[in-house]
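Numbering (full-length UniProt numbering), first residue to last: 1 to 227.
Built from N, CA and C at the ideal position, the CB exists for glycine as well.
Note that this is a predicted model, so its numbers are computed, not measured.
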Amino acid sequence: MTAVISLRSGKMSFKSRYKRLDAESSSCHGQFCPLPQSVRVRFPTVIDITVPVLEGRIEMSYPRTFSHIGISVTDLEQAVEFYTNTLGWYVIMPPTEIVSDDSAIGVMCDDVFGKGWGRFRIAHLATGDRVGIELFEFENAEKPENNFEYWKTGVFHFCVQDPDVEGLAKKIVENGGKQRMPIREYYPGEKPYRMVYCEDPFGNLIEIYSHSYELTYSAGAYQDDAD
């Protein structure tokens, strides 16, 4: 048995056969070897994955892309205005009311929220890199005094990237949000990586990075140029 892996992305497809990556591969004399329990597959500069073999088929484990996040607010129109004006996100679907009924979306929401949710309003936005943003306004929506209970399990912030950290933080404040801290540098005098925590008008935390996540944290970003 040999492995044939097909990866598809849009109109692009890639097929390859992978040899067994251990000492036994030398006995294959250039032929494709029987599959081991798993094979290590490296896609240059992109993905490094382990591919387990289950009952004669390849079980791919690869980095999934991010689809969307959901954010609860107390005023949907204000939220749409804030995120479009401040972060430049664009509207995919304007504010729409969803009610509890026997429609497909009604039944789906029963499964998600349980019985008794009644109705809510939702708008769909998207970021510059096509990540979706669902803005929800539920009946009797509440804005807690402290929306930063970071010690509790759950997502407590999201982050956007802008080289003008100072300018974006100022814009957030001008549009009804808040800057929670001074802008800080990760490596003062060495690397220009900056960050700050802000809030939208509803208390949801927004972090701003000056540089990409990969550049900020990858080992290569901190190596001396002489290395």
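Looking at 208, 78, 209, 119, the one whose alpha-carbon comes closest to that of residue 106 is 119.
Counting only the Cα atoms, residue 203 lies some 13 Å from residue 175. Residue 124 has its alpha-carbon roughly 17 Å from the corresponding atom of residue 158. Nearest to residue 173 by C-alpha distance, out of 205, 148, 154, 187, is 205.
Here residue 80 is buried. Its C-beta has 16 or more other C-beta atoms within 10 Å. Sorting 165, 190, 188 by C-alpha distance to the C-alpha of residue 181 places 165 at the top. Rounded to whole angstroms, residue 163 and residue 209 show a C-alpha spacing of 7 Å. Residue 194 has its alpha-carbon roughly 23 Å from the corresponding atom of residue 85. The residues 89, 90, 92, 132, 133, in chain order, have a CB closer than 7 Å to that of residue 126 in the same chain once the five nearest residues on each side in sequence are set aside.
Where residue 106 is concerned, the enclosing alpha helix (DSSP H) starts and stops at 104–113.
Assigned with DSSP and collapsed to three states, residue 76 falls in helix. In this structure, residue 73 places its C-beta atom within 8 Å of the C-beta atom of residue 137. A Cβ-Cβ distance of about 14 Å is found for the pair residue 117 and residue 103, leaving them out of contact under the 8 Å criterion.
Per DSSP, residue 176 lies in no alpha helix (DSSP H) and is assigned neither H nor E.
Residue 190 has its alpha-carbon roughly 32 Å from the corresponding atom of residue 130. For residue 97, the uninterrupted beta strand (DSSP E) run begins and ends at 90–99, by DSSP. Judged by DSSP in its simplified three-state form, residue 160 adopts strand. With fewer than 16 other CB atoms across the displayed protein chains lying within 10 angstroms of its CB, residue 111 is exposed.
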